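J.:
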Amino acid sequence: PSIDLNEIRDFLVELAKQAGELITSKTGQTTYDDKANSVDLVTETDAAVEKLVATKCNEKYPHFEFMGEESYVPGVTKLSDKPTFVVDPIDGTTNFIHSFPFSCTSLGFAINREPVVGVVYNPFLNLMYTGIQGQGSFLNGTHKLPLRQPPAGTKLTLQNALIGIEWGTQRSGVNYQVKTDTFKKLAAEDGKMVHGFRSLGSAAMNICAVAAGQLDAYWEGGCYAWDVCAGWVILAEAGGRIVGGNPGLWEPAVDQRIYLAVRGGDGCEQFVEDFWDCIEGRLE
Ligand code: IPD
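FYI, the numbering for the sequence shown is 41 to 324, going by the working numbering.
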């Protein structure tokens, strides 16, 4: 039987609202644990939201697979070709801990490992981003993405770009070096001198900002499928795309870990090539 993507979007929107109520009711919660290191944080609410989402998904769609950040087992959990919910219960956990209002629940749905429905909800600012493959993407149901078009006749270049970046949780080694060297090169007056960088603290919020046309691009090494799956379809339906975050990869898979998200419009292909030229090394 064919899968009704509109029904899945409506289901995920309702679920995102329930998740949002749980998240906002726990605002100010200060207890957290660390995972890989002291900046890789998790709270009890991450687990509680994932439990809520996984339970509801399994109840309504028992024949679909589920992949979530908190129940992921490295080396064991794998994204398959089956219809799969790909979920980050709280994307922006560090923001949540600090009450910085850029956390969201990121609910993606993939078939054959391709994102086809995305719902990203920031309950603090009441931002509900949705997208269905082939049907466009929207903010709060009615505002079609992108919200902002660049002025007519302007091409996207490094010099006129506002770029989302993240430090991520790896603060040593090759990836830290490549990132910080690249940030320096892109920002410097004798380099490309981009308009600026922003770190929203949530991969999904960064990708949705690109989809909205508020950021021109977002670069990250170290994301997982649940960080990007929902945003991927929202961005693609807004005319943008996700490409590899190391030079030369235009068709990355949703379950690789290094990404460059870029908005659509004039100049965007050259922008990607120019961005890749500025990457000082290779992210691992
Ligand atoms: C993290 C955030 C962060 C990004 C990391 C993600 P989490 O997700 O999206 O902005 O830099 O790569 O892991 O841990 O808050 O769900």
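For every residue, glycine included, the Cβ atom is placed at its ideal position computed from N, Cα and C. Computed from a predicted structure; not experimentally measured.
Would you say the segment 159 to 166 touches the segment 284 to 293, given that touching needs at least three Cβ pairs under 8 Å?
T.: no
J.: Ser-65 by DSSP, collapsed to three states: which one?
T.: helix
J.: Closest to Asp-306 by CA distance: which of Thr-67, Gln-189, Glu-84 is it?
T.: Gln-189
J.: Taking the alpha-carbon positions, what's the Gly-108 to Ala-94 distance?
T.: 8 Å
J.: Thinking C-alpha only, which one of Val-268, Cys-263, Lys-232 is nearest Ala-251?
T.: Val-268
J.: Quick check on Thr-197: does DSSP put it in helix, strand or coil?
T.: coil
J.: What residue range does the alpha helix (DSSP H) around Tyr-216 cover?
T.: 213 to 227
J.: Counting C-beta neighbours from all protein chains within 10 Å, is the total for Gly-115 16 or more, i.e. buried, or is it exposed?
T.: exposed
J.: Starting from Leu-179, follow its DSSP beta bridges and name the residues at the other end.
T.: Tyr-169, His-183
J.: Do you know whose CA, among Thr-83, Ala-150, Gly-132, Gly-321, lies nearest Ile-43's CA?
T.: Ala-150
J.: Hey, Thr-133 and Ile-63 are a contact pair by Cβ (cut 8 Å); roughly how many whole angstroms apart?
T.: At roughly 10 Å, the Cβ-Cβ gap does not stay under 8 Å, so Thr-133 and Ile-63 are not in contact.
J.: Assuming Cys-248 and Gly-262 are in contact, meaning their beta carbons sit under 8 Å apart, how far apart are those beta carbons, in whole angstroms?
T.: Cys-248 to Gly-262, Cβ: 19 Å. No contact.
J.: My parser needs the beta strand (DSSP E) runs of 3 or more residues fully inside the segment 75 to 150; what are they?
T.: 105 to 108, 124 to 131
J.: Classify Arg-15 as helix, strand or coil using the three-state DSSP reduction.
T.: Because the chain spans 41 through 324 in this model, residue 15 falls outside it and cannot be assessed.
J.: So, Ala-265 versus Leu-119, is the Cβ gap smaller than 9 Å?
T.: yes
J.: Answer with buried or exposed for Gly-213, where buried requires no fewer than 16 other C-beta atoms within 10 angstroms of its C-beta.
T.: exposed
J.: Given the structure, does Trp-259 come close to the ligand IPD, in the sense that its CB is under 8 Å from one of the ligand's heavy atoms?
T.: no
J.: Which class does Asn-246 belong to by DSSP, given the choice of helix, strand or coil?
T.: helix
J.: Please report the distance separating the alpha-carbon of Glu-324 from that of Ala-228.
T.: 24 Å
J.: Would the C-beta of Asp-256 count as close to the ligand IPD, meaning under 8 Å from any of its heavy atoms?
T.: No - the ligand IPD has no heavy atom lying nearer than 8 Å to the Cβ of Asp-256.
J.: Starting from Leu-275, trace the alpha helix (DSSP H) in both directions and tell me its first and last residue.
T.: 265 to 277
J.: May I ask you to check if the CB of Asp-131 is nearer than 8 Å to at least one heavy atom of the ligand IPD?
T.: Yes; taking the cut-off as 8 Å, the Cβ of Asp-131 has a heavy atom of the ligand IPD nearer than that.
J.: Near Lys-184, which residues of its chain fall below 8 Å by C-beta distance, leaving aside the five closest residues on each side in sequence?
T.: Once the five neighbours on either side are set aside, the close Cβ partners of Lys-184 are Gly-176, Ser-177, Phe-178.
J.: Determine the direct distance from the alpha carbon of Asn-246 to that of Glu-313, and round the result to whole angstroms.
T.: Rounded to the nearest whole angstrom, the C-alpha separation of Glu-313 and Asn-246 is 21 Å.
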